[in-house]
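This report refers to the structure that appears directly beneath it.
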Amino acid sequence: MQVKHLLLIAILAMTAACSSTKDVVDENLSEVELYQQAQTDLDNNSYTSATTKLKALESRYPFGRYADQAQLELIYANYKNAEPEAAKSAAERFIRLHPQHPNVDYAYYLKGLTSFDQDVGLLARFLPLDMTKRDPGAARDSYNEFAQLTSRFPNSRYAPDAKQRMIYLRNLLASYEIHVAHYYLSRQAYVAAANRGRYVVENFQETPSVGDGLAVMTEAYQRLHLDQLEATSLETLKLNYPDHPSLQDGQFVPQVAEADNRSWLSKYTLGLIESRPPLPPGETRANQDVIKQYQDAKDAIPAELKPQDENGDVIEEQEPEALGNNEDRSWFSYMTFGVFD
99 MQVKHLLLIA ILAMTAACSS TKDVVDENLS EVELYQQAQT DLDNNSYTSA
149 TTKLKALESR YPFGRYADQA QLELIYANYK NAEPEAAKSA AERFIRLHPQ
199 HPNVDYAYYL KGLTSFDQDV GLLARFLPLD MTKRDPGAAR DSYNEFAQLT
249 SRFPNSRYAP DAKQRMIYLR NLLASYEIHV AHYYLSRQAY VAAANRGRYV
299 VENFQETPSV GDGLAVMTEA YQRLHLDQLE ATSLETLKLN YPDHPSLQDG
349 QFVPQVAEAD NRSWLSKYTL GLIESRPPLP PGETRANQDV IKQYQDAKDA
399 IPAELKPQDE NGDVIEEQEP EALGNNEDRS WFSYMTFGVF D
């Protein structure tokens with residue numbers, strides 16, 4: 099059924115595009131006649147025709163009795179005609195020209211409403227898309243615009259609806275941050291994941307995503323072997339969100355599986371052939387690569403540039419003796435695991 103709806107809408111849109119002609123406004127119409135015709139078009143959902151007449155009314159009678167009202171209704175006509183940029187531009191123009199107008203709060207409200215609906219495109223109306231995984235740019239703009247309305251006009255008739263939409267947008271923005279944090283966890287960017295989780299906890303209090311932010315922090319600190327930070331985050335999670343999905347029988351269970359960094363050869367041979375040895379706790383491939391680059395650069399230094407003794411021989415740097423050197427250990431030391439060394 100959804101596919102049929104999409105096909106029907108596409109056919110109707112193509113038909114309308116092919117058969118539409120540019121509206122021509124009679125130059126002899128008076129201000130009242132133009133306004134009445136625009137109102138008739140708005141009532142009939144003919145928003146393109148209404149937009150043309152409202153623009154003509156504003157340009158022909160800029161100081162007329164309907165000039166301000168035409169500018170307001172032009173915002174609405176562009177919004178209903180799915181032209182968000184034109185609607186926001188018209189709203190910003192009205193706010194700039196009439197900051198003390200009795201209905202300027204309506205311009206603020208329509209501006210926020212335009213951004214609110216901007217992400218809900220044709221596909222989102224008919225397909226089950228998760229809006230929390232999409233770019234939140236328009237949602238963030240809408241939240242800020244509704245915030246301006248509620249702060250400047252707290253007693254406006256549009257303020258209650260704007261506040262309810264702000265709650266929804268705040269929850270959406272927090273969920274988006276959690277999705278980004280989970281992506282960082284899957285990419286082993288644990289510091290970035292921890293920062294995203296902390297950002298949610300600090301800036302999106304009273305949203306359902308705060309528990310997820312604490313879980314992300316706990317998991318990221320666990321991967322980074324930061325035991326104290328992990329324990330603090332986990333204790334806060336248990337205290338405030340004991341029923342969180344990451345807690346099973348009081349124990350923390352990571353939500354993102356640790357990535358398998360083995361080479362394709364190691365995976366296909368089930369680990370029988372390891373191209374590179376596994377990393378010790380706290381060590382990273384990047385750190386090993388930096389050390390290797392340093393060693394290669396040091397080996398590439400010409401002999402004449404290296405420090406020499408009085409006989410002209412190159413002085414080799416002494417490598418520090420590794421802790422736990424096994425070369426001189428006796429069999430007794432091996433048998434007692436070094437307890438009596």
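Here my numbering = 1-based position in the sequence shown + 98.
Ideal Cβ placement from N, Cα and C applies to all residues, glycine included.
With Ala-168 and Tyr-133 assumed to form a contact (beta carbons below 8 Å), what rounded beta-carbon distance in angstroms separates them?
Translated into positions along the sequence shown, residue 168 becomes position 70. Translated into positions along the sequence shown, residue 133 becomes position 35. Contact holds; Cβ gap of about 7 Å.
Tell me Gln-349's beta-bridge partners as DSSP assigns them.
If you number the sequence shown from 1, residue 349 lands on position 251. As a beta-bridge residue in DSSP terms, Gln-349 pairs with Gln-346.
Assigned exposure category for His-323 - 16 Cβ within 10 Å defines buried:
The residue you call residue 323 lines up with position 225 of the sequence shown. When all chains shown are included, His-323 counts as exposed.
Between which residues of its own chain and Asn-301 is the CB-CB distance below 6 Å, once the five residues before and five after are set aside?
On the sequence shown, residue 301 is found 203 positions in, with the first residue counted as 1. For Asn-301, there are no CB contacts under 6 Å within the same chain when 5 residues up- and downstream are skipped.
For Gln-286, name the three-state secondary structure that DSSP assigns.
As a working mapping, residue 286 is identified with position 188 in the sequence shown. Coil, per DSSP.
What residues in its chain sit with their C-beta under 7 Å from that of Ala-185, if we drop five residues either side in the sequence?
Translated into positions along the sequence shown, residue 185 becomes position 87. Closer than 7 Å at the Cβ level, and outside the excluded window around Ala-185, lie Ile-173, Asn-176, Tyr-177, Leu-208, Thr-212.
Alpha carbon to alpha carbon, how far is Leu-220 from Asn-143?
Taking the first residue of the sequence shown as position 1, residue 220 is located at position 122. Taking the first residue of the sequence shown as position 1, residue 143 is located at position 45. Reliability of the predicted coordinates at Leu-220 is poor, the pLDDT of 45 falling under 50, and the value obtained from them is presented with this limitation in mind. Taking the straight line joining both Cα atoms gives about 18 Å.
Based on the DSSP output, what are the partners of Pro-216 in its beta bridges?
Here residue 216 refers to the residue found at position 118 when the sequence shown is read from its first residue. Note that residue 216 is Gln in the sequence shown, not Pro. Answer is none; Gln-216 lacks a bridge partner.
At what residues does the alpha helix (DSSP H) containing Asn-176 begin and finish?
Translated into positions along the sequence shown, residue 176 becomes position 78. Where Asn-176 is concerned, the enclosing alpha helix (DSSP H) starts and stops at 165-178.
Would you tell me roughly how many angstroms separate the C-alpha atoms of His-342 and Gln-216, rounded to the nearest one?
Your numbering for residue 342 matches position 244 in the sequence shown. Your numbering for residue 216 matches position 118 in the sequence shown. C-alpha separation (whole angstroms): 33 Å.
Which whole-angstrom value describes the C-beta separation of Gln-320 and Glu-333, a residue pair presumed to lie in contact below a C-beta threshold of 8 Å?
What you label residue 320 is simply residue 222 of the sequence shown in a count that begins at 1. What you label residue 333 is simply residue 235 of the sequence shown in a count that begins at 1. Not confirmed; about 13 Å, so no contact.
Which of the three DSSP states is assigned to Gln-134 in this structure?
By one-based count along the sequence shown, residue 134 stands at place 36. Gln-134 falls in the helix class under three-state DSSP.
Collapsed DSSP secondary structure at Gln-406 in the structure displayed
On the sequence shown, position 308 is the one that residue 406 refers to. The answer is strand: DSSP assigns Gln-406 an E or B state.
Helix or strand or just coil, what does DSSP make of Tyr-183?
Within the sequence shown, the letter at position 85 stands for residue 183. Sequence check: residue 183 is Glu here, not Tyr. Residue state for Glu-183 is assigned as helix, using DSSP reduced to three classes.
Enumerate in chain order the residues of its own chain whose CB-to-CB distance from Ser-331 is below 7 Å, with the five nearest sequence positions on each side excluded.
Locating residue 331 in the sequence shown gives position 233, where the first residue counts as 1. Listed in chain order, the non-local C-beta contacts of Ser-331 below 7 Å within the same chain comprise Leu-312, Met-315, Thr-316, Tyr-319, local neighbours out to five positions each way being set aside.
Indicate the three-state DSSP secondary structure (helix, strand or coil) for Tyr-207 in the structure shown.
Residue 207 sits at position 109 when you count from the first residue of the sequence shown. Tyr-207 carries a helical assignment under DSSP once its states are collapsed to helix, strand and coil.
Determine, using beta carbons only, whether Leu-267 and Ser-307 come nearer to each other than 8 Å.
One-based indexing of the sequence shown puts residue 267 at position 169. One-based indexing of the sequence shown puts residue 307 at position 209. The answer is no: Cβ separation not under 8 Å.
Other residues of its chain near Leu-335: CB distance less than 8 Å, five sequence neighbours each side excluded:
Reading the sequence shown from its first residue, position 237 is the one you call residue 335. Contacts found: Gly-309, Leu-312, Ala-313, Thr-316, His-342, Ser-344, Leu-345, Phe-350.
Is DSSP giving Asp-341 helix, strand or coil here?
Working through the sequence shown from its first residue, we reach residue 341 at position 243. The DSSP-derived three-state label of Asp-341 is coil.
Span separating the alpha-carbon of Arg-285 from that of Val-278
Stepping through the sequence shown from its first residue, residue 285 is reached at position 187. Stepping through the sequence shown from its first residue, residue 278 is reached at position 180. The straight-line gap from Cα to Cα measures roughly 11 Å.
Quick check on the DSSP output: what are the complete alpha helix (DSSP H) runs of length 4 or more inside the region 304-341, in order along the chain?
Fully enclosed alpha helix (DSSP H) runs of 4 or longer: 308-321, 325-338.
With burial defined as no fewer than 16 other Cβ atoms inside 10 Å of the residue's Cβ, what is the status of Glu-183: buried or exposed?
For this step, residue 183 is matched to residue 85 along the sequence shown. It is exposed - the Cβ of Glu-183 has fewer than 16 other Cβ atoms within 10 Å.
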